[in-house]
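Here the structure is laid out as structure tokens; the discussion comes afterwards.
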Amino acid sequence: MDRIGSRSRKNGVCALHGSGEYPDVRVARTRKRLKDALLKLLTEKSIHELKVKELAELAELAELAGVNRVTFCDHYDSLDNLLWELVDGKLREYERIIIIQTIEHIRSNETFYSIMPLGKNDTRVADFIHE
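Residue numbers (full-length UniProt numbering): 1 to 131.
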């Protein structure tokens, strides 16, 4: 229980206590399975429907992920936390893709970017870009 933290029930929903750090590969795999299960549920039901019947949906989500509801509670204290971790992760992936593609673009066009007068003596290119 040291790695995960202690759990308790609060208002009929899981409450998680602990460090929130999960370095274990098994934990990462379980969290991925829970996120994948949430995505599957969201193809069938709206987030509002899930939130209205949260406890029942936790059981269904856990079953889809191949874990029990207690395991869900070991990792997340609500469907909201799972959803926002999923959204945050996808946005971070997208951000990394954009950064990598931008760097690759600049590297493959290094000559262009090294000779274009972007505001030193001739501001025409910079003005064009800003328009």
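Beta carbons: idealized from backbone N, C-alpha and C, even for Gly. Predicted model, so just to flag it, every value in this text is computed and none were measured.
- As the crow flies, the alpha-carbon of T43 is around 11 Å from that of L50.
- E60 and R92 have their alpha carbons spaced roughly 28 Å apart.
- Note on the UniProt domain "HTH tetR-type" (28–94): whole alpha helix (DSSP H) runs with a minimum of 4 residues are 47–52, 54–65, 69–75, in chain order.
- Below 8 Å, enough C-beta pairs join the stretch 30–49 and the stretch 85–102 to call them touching: three or more.
- In the structure shown, D127 adopts helical secondary structure according to DSSP, grouped into three states.
- With fewer than 16 neighbouring CB atoms inside 10 Å of its own CB, A28 falls in the exposed class.
- Taking 8 Å as the cut-off, the Cβ atoms of I103 and Y113 do not count as close.
- If you check the CB distance, R33 and V67 come in under 8 Å.
- The alpha carbon of D74 has as its nearest neighbour, out of I129, D127, R26, R124, the alpha carbon of R26.
- Within the same chain, Cβ atoms closer than 6 Å to the Cβ of L58 are found at R69, F72, the five residues on either side in sequence being excluded.
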